[in-house]
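So the structure is just underneath, and the comments pick up after that.
Residue numbers (this note's numbering): 297 to 615.
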């Protein structure tokens, strides 16, 4: 396997460095459905299907001393955690007759496969946000930042149309995704060729491809992520019971290095509110950047990315 030279590689970085070019169109399709993939740092797990790591609880503070003073023993406090790997799979099946009548058979199959890959992107986004309910996917942000008492949860305290914003600082020693210990990266693809597919209605020839995405989430220190909860998605971001932008500033300032490099994730109604505020020039801290090859709204320089699945859990966070 080629060496990974990037300090904090995204999935696209891994694929490019390993010259695994067949996955480049797959990444493009996945990012269309799940923009956070542009930001996620990926690290190879230290096990085949799980990753054991130490989460930081607190750090040594050191001791001021004079000549001949003893230096008290200190130790950082850690908690050992194990993150399980989750595997998301799909089989693309394309009718042989459609393939035969197409002018470019490989391109046609690739285009048809794109529909299945798009679905994988949406499912991955749901797992990234949601609680672990099926026992098979990994624990998402809502499942980790699930109480108002959590130090990284900030309450806007609205009473309807609930949604949240999530902030993450990505990095090998911060928040990152994991892929299996013997994989090159988090994606696998196999062209199974033409197969006879049998159902209760009979049989037919189909071209089959197998796609697999393997992932888990690691949070090395809970200071590196945050949730702004109980937002009313219909309210102006600078008004309401508590201004959303005030809580964003508070969360960023409480993150390490005042949130340096943090990305903000929002659902479509919230992203629309930010975009309208930029259009109206209502908040000088909001602007438009094209750092990602397309217009991206930023708050204090932090990109705000779309993750539609955030809006899927419209309940209030009450405890």
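Glycine included, every Cβ here is placed at the ideal spot set by N, Cα and C. Please read these numbers as outputs of a predicted model, since none were measured by experiment.
{"Item": "Tell me, please, whether the stretch 412-420 touches the stretch 314-331 by the rule of three or more beta-carbon pairs shorter than 8 Å.", "Value": "yes"}
{"Item": "What does the alpha-carbon distance come out to for the pair residue 544 and residue 394?", "Value": "51 Å"}
{"Item": "Does the beta-carbon of residue 379 have 16 or more other beta-carbons within 10 angstroms, so that it is buried, or is it exposed?", "Value": "buried"}
{"Item": "Please list, in chain order, all residues of the same chain as residue 390 whose beta carbon is under 7 Å from its beta carbon, the five residues on each side excluded.", "Value": "405, 408, 502, 503"}
{"Item": "Return the CA-CA distance between residue 354 and residue 516, expressed in angstroms with no decimal places.", "Value": "12 Å"}
{"Item": "So who's on the other strand from residue 595, going by DSSP bridges?", "Value": "582, 598"}
{"Item": "Rounded to the nearest angstrom, what separates residue 343 and residue 582 at their Cα positions?", "Value": "42 Å"}
{"Item": "Between the alpha carbons of residue 399 and residue 552, how many angstroms are there, rounded?", "Value": "55 Å"}
{"Item": "Confirm the yes/no value for this check: CB of residue 330, any heavy atom of the ligand MN, distance under 6 Å.", "Value": "In terms of ligand content, the structure shown is empty, and the ligand MN therefore cannot be addressed."}
{"Item": "Using alpha carbons as the reference points, say which of 479, 498, 505 lies closest to residue 490.", "Value": "505"}
{"Item": "Excluding the five sequence neighbours on either side, which residues of its own chain have a C-beta within less than 7 Å of the C-beta of residue 524, listed in chain order?", "Value": "450, 452, 460, 461, 540, 543, 544, 547"}
{"Item": "What are the residues that DSSP puts in a beta bridge with residue 389?", "Value": "504"}
{"Item": "Taking residue 336 as the reference, give the member of 321, 536, 469 with the closest Cα.", "Value": "469"}
{"Item": "So residue 457 packs on residue 537, CB below 8 Å; how close in whole Å?", "Value": "So it is not a contact: roughly 13 Å between Cβ atoms."}
{"Item": "Which residues in the same chain as residue 562 place their Cβ atom closer than 6 Å to its Cβ, once the five residues preceding and following it in sequence are excluded?", "Value": "461, 600"}
{"Item": "Can you tell me which of the three DSSP states residue 407 falls into?", "Value": "helix"}
{"Item": "For residue 527, which three-state DSSP category applies?", "Value": "strand"}
{"Item": "Just mark residue 512 as buried or exposed, buried being the case when its beta carbon has 16 or more other beta carbons within 10 Å.", "Value": "buried"}
{"Item": "Is residue 559 helix, strand or coil when you go by DSSP?", "Value": "strand"}
{"Item": "Which value, in whole angstroms, describes the spacing of the CA atoms of residue 508 and residue 386?", "Value": "7 Å"}
{"Item": "Starting from residue 311 and walking both ways along the alpha helix (DSSP H), at which residues does that stretch end?", "Value": "307-313"}
{"Item": "Roughly how many angstroms lie between the CA atoms of residue 498 and residue 392, to the nearest whole one?", "Value": "15 Å"}
{"Item": "Under the DSSP definition of a beta bridge, which residues are partnered with residue 376?", "Value": "350"}
{"Item": "Where DSSP assigns a beta bridge to residue 512, which residues make up the other side?", "Value": "474"}
{"Item": "Whole angstroms are fine: how far does the CA of residue 349 sit from the CA of residue 412?", "Value": "33 Å"}
{"Item": "Residue 402: buried (16+ other C-beta within 10 angstroms of its C-beta) or exposed?", "Value": "exposed"}
{"Item": "With three or more C-beta pairs closer than 8 Å as the rule, is the stretch 474-491 touching the stretch 310-324?", "Value": "yes"}
{"Item": "Quick one: what's got a C-beta closer than 7 Å to residue 425's C-beta in the same chain, skipping five residues either side?", "Value": "436, 437, 438, 603, 605, 606"}
{"Item": "Taking the alpha-carbon positions, what's the residue 473 to residue 360 distance?", "Value": "39 Å"}
{"Item": "Per DSSP, what are the beta-bridge partners of residue 485 in this structure?", "Value": "507"}
{"Item": "Which residues in the same chain as residue 428 place their Cβ atom closer than 6 Å to its Cβ, once the five residues preceding and following it in sequence are excluded?", "Value": "435, 439"}
{"Item": "Pick helix, strand or coil for residue 301, following the three-state DSSP scheme.", "Value": "Per-residue confidence for residue 301 stands at a pLDDT of 47, beneath the threshold of 50, marking its modelled position as unreliable; no derived number is given."}
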